[in-house]
Amino acid sequence: MNWWTRFERLRQLGVLGMNCRNTWCILDLNPRARFPLVDGKLQTADLCRRIDVPTPEIYGLLSSHSTLRRLPELLAGRTDFVLKPNHGAAGRGVLVIIGRDGRRFLRHNGDRLELDDLRQQASEIISGLYSLGGRADELLIQQRVVPDSTFERIAFQGTPDVRVVLYKHVPALAMLRLPTRTSQGRANLHQGAIGAGIDMATGIVHRAACQNRRVDIHPDTGNTILGFQVPHWNDILALARRASQAIDMGYLGVDIVIDRRQGPLLLEANARPGLAIQIANGQGLLQRFADIDRQLENVP
Amino acid sequence: MGRTWRSVITALFLVGISLGIFFVRRATQGANIGGPPGDVTWKVTLVATGKVGARPGVLTMALPPDFRHQHIFDERFESKELLHRMVKAKDPARRHVAWRKAGVAGDAQARLTYSFLCNVGVRHPTMAMLHHARLVDATPGEGVAIKPAPGIESDHAEVVHTAREIVAEAATLEDRIKACFDYVAQLENEPSVDSRSALECLRAGAGNPGSKSRLLVALCRSQNIPARLVGGLILSGNKEQDLHYWAEAWVRHRWLPMCPTYQHFGQREFPSNYLVWLLGDTELFRGSDPPWKRGFLVQAVTDSGAAPSSLADSVWQHLSLYSLRPAEQHVVRFLLLLPLAALIVSLFRTVIGVYTYGTFGPALLGLAFLDLKALRWGLAIFVATVLVGWAMRHLLDRFHLLLVPRTAALLTLIVGFLLLVIVLGSHYGISGAQYISLFPLVILTHMVERFWTVEVEDGTVASFKTLLGTMVVAVTVSAVLSPPAASQWLLHYPETLGVVLAAELLLGRYTGYRLSELYRFNEFLRNGNART
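For the record, the sequence lines run as chains A and B. Counted the way the working numbering counts, the first sequence spans residues 1 to 300. Counted the way the working numbering counts, the second sequence spans residues 1001 to 1532.
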């Protein structure tokens, strides 16, 4: 297939490309002034509390190196928690602690870490190593989400989440992101996690892709992904809609985790959601945008 | 859509303006005007061949000063075997360029070409020209231009005796200089086959321009009159030439030019087509052993007319980048290339989808190796440094250092590595190490840090892919911008930047697929749409 036929075919299928996403979607639909709401996880959490959307609890925030000595105090009595940069992206710099082994901390992948290791990670986060643009950042200590038991079959370590991409506050596409061994427990597609396309009407996984290629079974657990029913599906969609309206961006990705006890929790929102969701669903976003535009026109 | 149209219309507008300026300049001859008006614009080409030995391995070439009423512009340096670098001198009027061997080749024959355009007899010198003239033509310091020098035996008894005889009847200082001049001027003229000293010239009663001028200088100096030898070209006709020599004597707070060969004496009757190249008894080439063979070609380029004939001409003259002094022209040339390099990076990133370390890092890297001869070495050192830096970054990781001190430590280690490369290179006679000075070190350190981050987050394959992308972009930048024609064009038609800006605007609203995406979405193309 030559370049031109490929180009034309992708256009016919309504696949959204990176340039198109950056210009039409992000620059034109997402006002710059609203970015702080989604770039900072703390701000997103505040917003969630205001609009009454459930979100993981924040145990503490450290914003300078000098406050690092408060770390042991903040962690005292906590067996499981997550350290993450307030302005991080793509799962960078996130450290998930799932338990304790004496003085040491147990990571989700089985590593045992000393308090000093945590302090080092915290210091790197505050220095801005993982933040967007390398600016000085803040450290968040957040509640660890215990994934719903139904995920055990199809997730390898880490926490799976549901990414919903909304266009003009209408859910356009959704996918379930499943961590793999390659992604080291992170639910990020470009790090090797599986993206499983979800049927918008039913919440059932109908297709899945890993590293831009189609897969049917989870490579690490060996179980089939197709046909998986995402629990609390309607709640998830409602939650995403509410968040999108509050954030007021035309093109938004909302990440929702499903906690065993609390149900769907909004983890974070993303003003620059990636394009792999199209591969996961086998459907182009531009096509969905056209559908939604038509829908919105019909509703006065 | 509104924004896209706005970009398109603005881009069209910019292209229109650029083309407009371009054609108006061509129509009004504005494009041909270089620098302030003089009598004629001349093109001077110097070709030299010879050997650069292993030590010192540098050939220094004096450049004509941009001063008094002579303006130098559009300088070009070309050589297959040699790399050139401007030497920063304290005295901006004494300009030099250093030529070095490219690569490790032994003392093979090398050839260099240096050409420039110049206006002599400039009526309204620029501030920079006046400033340089003030520096060069300042009152000679105590003992300067007065002591005997090799070839100028002003303290020799015969010279002193002759001088006394000549000036016996002269009353004033001018008369004494005139008497010396008249004496030397009436000696037989010879062509320049060999160079004789002042004394030899005096004894033979004849000499070439160099010898006669040296004798004139020696006679003046023996009379305690500061004098100096001047070397340069007589710009006339379209012909080959060799360096011509004349002399200057310090009288009444200024240098009085006199050419004993063609019998010109004093500022007023001195022809304006004498181009000064060397001041004092300096050599054109230093560090050349055996001496280099050289030849000069002088061509009249345009008749830029006496005074600006119209308002347009005068405006173009003021706006022309050629009016700048040569050193500034070199800076401007580099500056003009930057936007083009940035455009190339934008093309790679938005149209092809190549990932690079940093946005304009590759552009600067490419510009650092504009000289394609340097590219091979530069790239090798670049890759080696990134990889070594990356290994060091792994070592540093064990220390758990804070971000800023860690980056500083990394920089120190990289500098240490580069020092090692320079020392070893110099020890084994590899001249590749000289390119290190061109390196934007901070960019390099940043790239190492990015390399490490990408490796940790996206895997080793991704980090090497990005490294490859960075190199491809840097090589393209240097390959596209290295032909002298590119910078020549921009210097001549700076309005091209409008077109570059327009291209950047259009690229900024390019919404088509990136070339890499045509393959990223392969799954779609194979299976089509699952739902339709």
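Where is the CB? At the ideal position from N, CA and C, for every residue including glycine.
8 Å Cβ cut-off: residues of chain B touching residue i
| i | result |
| --- | --- |
| A/Gly17 | Thr1511, Gly1512, Tyr1513, Arg1514 and Glu1517 |
| A/Arg49 | Under the 8 Å cutoff, chain B gives no residues; its nearest Cβ is about 31 Å from A/Arg49. |
Spatial distance of residue i from residue j (CA atoms)
| i | j | result |
| --- | --- | --- |
| A/Arg181 | B/Ile1422 | 44 Å |
| B/Arg1254 | B/Ala1128 | 19 Å |
| A/Ala240 | A/Leu252 | 9 Å |
| A/Phe7 | B/Leu1518 | 6 Å |
| B/Val1386 | B/His1318 | 46 Å |
| B/Leu1046 | B/Thr1060 | 14 Å |
| B/Gly1305 | B/Ile1021 | In this prediction, B/Gly1305 scores a pLDDT of 47, lower than 50, which makes its location untrustworthy; no coordinate-derived value is stated. |
| B/Asp1281 | B/Ala1170 | 28 Å |
| B/Leu1481 | B/Trp1099 | 21 Å |
| A/Cys20 | B/Gly1512 | 6 Å |
| B/Leu1014 | B/Leu1505 | 10 Å |
| A/Arg294 | A/Gly263 | 33 Å |
| B/Leu1490 | B/His1264 | 41 Å |
| B/Phe1524 | A/Asn188 | 21 Å |
| A/Ala155 | A/Val82 | 18 Å |
| B/Pro1226 | B/Leu1219 | 10 Å |
| B/Glu1081 | B/Arg1111 | 7 Å |
| A/Met18 | B/Gly1508 | 12 Å |
| B/Ala1530 | A/Gly282 | Confidence at B/Ala1530 is low in this model, with a pLDDT of 43, below 50, so its placement is unreliable and no value can be given for it. |
| A/Gly60 | A/Gln278 | 36 Å |
| B/Pro1125 | B/Val1136 | 15 Å |
| A/Ile256 | B/Thr1010 | 43 Å |
Contact test: residue i Cβ vs the ligand GTP heavy atom, cutoff 7 Å
| i | result |
| --- | --- |
| B/Gly1498 | With respect to small molecules bound, the structure shown includes none, and the ligand GTP cannot be examined in it. |
C-beta neighbour in chain E for residue i, strict 8 Å
| i | result |
| --- | --- |
| A/Leu10 | In the displayed structure, chain E is absent; the protein chains listed are A and B. |
Exposure label - residue i; buried when at least 16 CB within 10 Å
| i | result |
| --- | --- |
| B/Gln1223 | buried |
| B/Ala1307 | Residue placement at B/Ala1307 cannot be trusted, given a pLDDT of 49 that sits under 50; what the coordinates show is reported in the next sentence. So B/Ala1307 ends up on the exposed side. |
| B/Arg1006 | exposed |
| B/Glu1153 | buried |
| A/Thr202 | exposed |
| A/Met1 | exposed |
| B/His1071 | buried |
| B/Gly1237 | exposed |
| B/Arg1526 | exposed |
| A/Asn234 | exposed |
| B/Tyr1183 | buried |
| A/His65 | exposed |
| A/Ser244 | buried |
| B/Val1473 | buried |
| B/Ser1426 | exposed |
| B/His1394 | exposed |
| A/Gly93 | buried |
Residue of the options minimising C-alpha distance to residue i
| i | options | result |
| --- | --- | --- |
| B/Ala1300 | B/Lys1043, B/Gly1121, B/Phe1360 and B/Asp1371 | B/Lys1043 |
| B/Ala1327 | B/Thr1282, B/Pro1064 and B/Thr1041 | B/Pro1064 |
| B/Val1477 | B/Cys1180, B/Leu1420, B/Ala1149 and B/Phe1348 | B/Phe1348 |
| A/Leu166 | A/Ser66, A/Phe289, A/Pro147 and A/Asn234 | A/Phe289 |
| B/Glu1190 | B/Phe1181, B/Thr1412 and B/Cys1201 | B/Cys1201 |
| B/Val1097 | B/Glu1495, B/Ile1017 and B/His1084 | B/His1084 |
| B/Leu1324 | B/Phe1073, B/His1446, B/Leu1256 and B/Thr1172 | B/Phe1073 |
| B/Ala1198 | B/Gly1469, B/Ala1168 and B/Ala1149 | B/Ala1149 |
| B/Trp1246 | B/Arg1268, B/Glu1240 and B/Leu1215 | B/Leu1215 |
| B/Ala1185 | B/Gly1207, B/Ser1195, B/Arg1196 and B/Glu1165 | B/Gly1207 |
| A/Asn270 | A/Gly93, A/His87 and A/Ile217 | A/His87 |
| A/Leu62 | A/Glu73, A/Thr55 and A/Val53 | A/Glu73 |
| B/Pro1339 | B/Leu1364, B/Phe1451, B/His1330 and B/Thr1356 | B/Leu1364 |
Residue i: contacting residues in chain B (beta-carbon distance under 7 Å)
| i | result |
| --- | --- |
| A/Asp28 | Arg1003 |
| A/Ala209 | Glu1523 |
| A/Met249 | Correct list: empty, because the minimum Cβ distance to chain B is about 17 Å. |
Contact list for residue i against chain A, beta-carbon separation under 7 Å
| i | result |
| --- | --- |
| B/Arg1123 | Within 7 Å Cβ-Cβ: nothing; B/Arg1123 doesn't reach chain A, min ~54 Å. |
| B/Arg1520 | Asn212 |
| B/Asp1458 | His190 and Gln191 |
Chain-ordered neighbours of residue i on chain B, where CB pairs are closer than 9 Å
| i | result |
| --- | --- |
| A/Thr23 | Arg1003, Thr1004, Gly1508, Arg1509, Tyr1510 and Thr1511 |
Give me the subset of the stretch 1390–1408 of chain B whose CB atoms are less than 8 Å from a CB atom of chain A, sorted by chain position.
His1400, Leu1402, Leu1403 and Val1404
Mind checking the stretch 1350–1369 of chain B against chain A and listing, in chain order, the residues whose C-beta falls within less than 8 Å of any C-beta there?
Thr1350 and Gly1353
Under 8 Å (Cβ pairs) to chain B, residues found in the stretch 118–129 of chain A
Gln120, Ser123, Glu124, Ser127, Gly128 and Leu129
Taking any Cβ of chain B, which residues in the stretch 77–109 of chain A have a Cβ under 7 Å from it, in chain order?
Arg92
Relative to chain B, which residues along the stretch 189–208 of chain A have a C-beta separation below 9 Å, given in chain order?
His190, Gln191, Gly192, Gly197, His206 and Arg207
Could you run through the stretch 170–190 of chain A and flag, in chain order, every residue whose CB is less than 8 Å away from some CB of chain B?
His190
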